[in-house]
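Structure record follows, encoded as structure tokens.
In structure tokens:
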């Protein structure tokens, strides 16, 4: 089990390093167009990566009792930051979405912090040893998640809202929520999601353009169509790191949600396989340890499951959008897409998962020692008789 912890750590560090390199390769043309140095985006991203690694190291030593005690205050602070983003002049609107909060030189995306704090809150309340019944705790958890999802939706961030609520529903399912409540929740959230999607003309256009790709090839479908051409141009081996052509003004904002297209163009199918092999190792190790801790350490089990699912769901949705298998939507590729807040949060989530794998390794080692002791004291005397 110690080997699994080492493998996971190496996998996560490779994802961080590979993400920084690929983001630099995709972003330097736009930095140059802005009149900045070629490594301008890289420096900003590296600062958040370093902060994430520092906080990740701290996370490895934070007691469970402290996390449980701080789960509600953290969520309240995140809700406050969301409120500042939506209702005050500190909120920054870009491409029609009000997702960024600017405080002095610092610009961050509070919805990323909400996702992080919500998983800790869910793990705390569902594991709480209180006089409340599990059903009541599940109801409180669902209500809080819906409220926070509503705040994310007010930022006109429909895709993040869907991913956020999907992860929350998965955690509630893991806690053993009853089937009638689950069906009712699906009907409620599904109806609400459909109503919200149909309430904005641009969302209807996106859905129509996805169903009928030739409807608006130079408009809504432009990025997806160009991304698919970039992917195809990479072939099996790719054109070489830094040698992609589509990032030079052909594919807009390639360093953000469509960075996977640049990875495919420069590193080819081999590069894409390598990226998702790393994500697969990340997911398998995280989910396996979370499952093993389900009975003995439910708090850590919920955390591991929630954070692993959050990262993997974002990666899968991003890949589906870039390849045209999902309607165009703004979901970053974890570890790779430009965006400091997202990278910081993803590294912190990975640190929690690594800690959970180490906890699982410690429990397994203890169980093995007990088993060996049992064999010496029971089986051996039985054989002597």
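In the numbering used here, the protein residues as written are 595 to 979.
Ideal Cβ placement from N, Cα and C applies to all residues, glycine included.
- Note that the C-beta distance between residue 936 and residue 703 is below 8 Å.
- Shown here, residue 923 sits in coil according to DSSP, grouped into three states, outside any helix or strand.
- In the three-state reduction of the DSSP assignment, residue 837 falls in the coil class.
- Cβ-Cβ distances below 6 Å link residue 829 to 862 in the same chain, with the five nearest sequence neighbours on each side left out; the list follows chain order.
- In this structure residue 843 is not in contact with residue 860, their Cβ atoms being roughly 16 Å apart against a cut-off of 8 Å.
- Contact between the segment 656-675 and the segment 729-745 is present: three or more C-beta pairs spanning the two stretches fall below 8 Å.
- In the structure shown, residue 696 falls within a strand segment according to DSSP collapsed to helix, strand and coil.
- In the displayed model, residue 883 falls within a helix according to three-state DSSP.
- Listed in chain order, the alpha helix (DSSP H) elements of length 4 or more contained wholly in the segment 643-717 are 658-681.
- Residues 665 and 669 of the same chain have their beta carbon placed closer than 6 Å to that of residue 715, with the five preceding and five following residues left out of the count.
- In this structure, the CA atom of residue 757 is about 34 Å from the CA atom of residue 630.
- Annotation: residue 686 to residue 656 spans about 33 Å, alpha carbon to alpha carbon.
- In this structure, residue 899 sits near residue 765, with a CB-CB distance shorter than 8 Å.
- Counted as a single uninterrupted DSSP element, the alpha helix (DSSP H) harbouring residue 895 occupies residues 892-916.
- For the set 711, 907, 927 and 858, the Cα lying nearest the Cα of residue 610 is the one of 927.
- By the CB criterion at 8 Å, residue 620 and residue 841 fall inside the cutoff.
- Distance check between residue 897 and each of 623, 752, 948 and 638 places 948 closest, using alpha-carbon atoms only.
- Per DSSP, residue 731 is one residue of the alpha helix (DSSP H) stretching across 728-748.
- Here residue 614 carries a helix assignment [DSSP, helix/strand/coil].
- In the three-state reduction of the DSSP assignment, residue 943 falls in the helix class.
- The residue among 954, 677, 635 and 600 with its C-alpha nearest the C-alpha of residue 705 is 677.
- Non-local beta-carbon contacts of residue 886 in its own chain, meaning distances under 6 Å to residues more than five positions away in sequence, involve 954 in chain order.
- The beta carbon of residue 653 lies closer than 7 Å to those of 942, 945, 946 and 949 in the same chain, with the five residues before and after it left out.
- In this structure, the beta-carbon distance from residue 893 to residue 624 does not fall below 8 Å.
- Per DSSP, reduced to three states, the secondary structure at residue 851 is coil, with no helix or strand assignment.
- Following the DSSP letters along the chain, one finds residue 845 in no alpha helix (DSSP H), marked with neither H nor E.
- For residue 819, the enclosing alpha helix (DSSP H) begins and ends at 816-828.
- Sequence-distant Cβ neighbours of residue 596 in its own chain, meaning closer than 7 Å and more than five residues away, are 955.
- Judged by pairs of C-beta atoms under 8 Å, the segment 870-877 does not touch the segment 639-653, as fewer than three such pairs exist.
- When the beta-carbon positions are compared, residue 720 and residue 735 come within less than 8 Å of each other.
- Straight-line measurement puts the Cα of residue 858 at about 6 Å from the Cα of residue 866.
- Leaving aside the five residues that flank residue 939 on each side, the residues in its chain whose CB is nearer than 6 Å to its CB run, in chain order, 706 and 710.
- Rounded to whole angstroms, residue 698 and residue 708 show a C-alpha spacing of 21 Å.
- Annotation: the continuous alpha helix (DSSP H) that includes residue 753 extends over 752-768.
- The beta carbon of residue 636 is closer than 6 Å to those of 618 in its chain, skipping five residues each way along the sequence.
- Between residue 760 and residue 903, the alpha-carbon positions lie close to 9 Å from each other.
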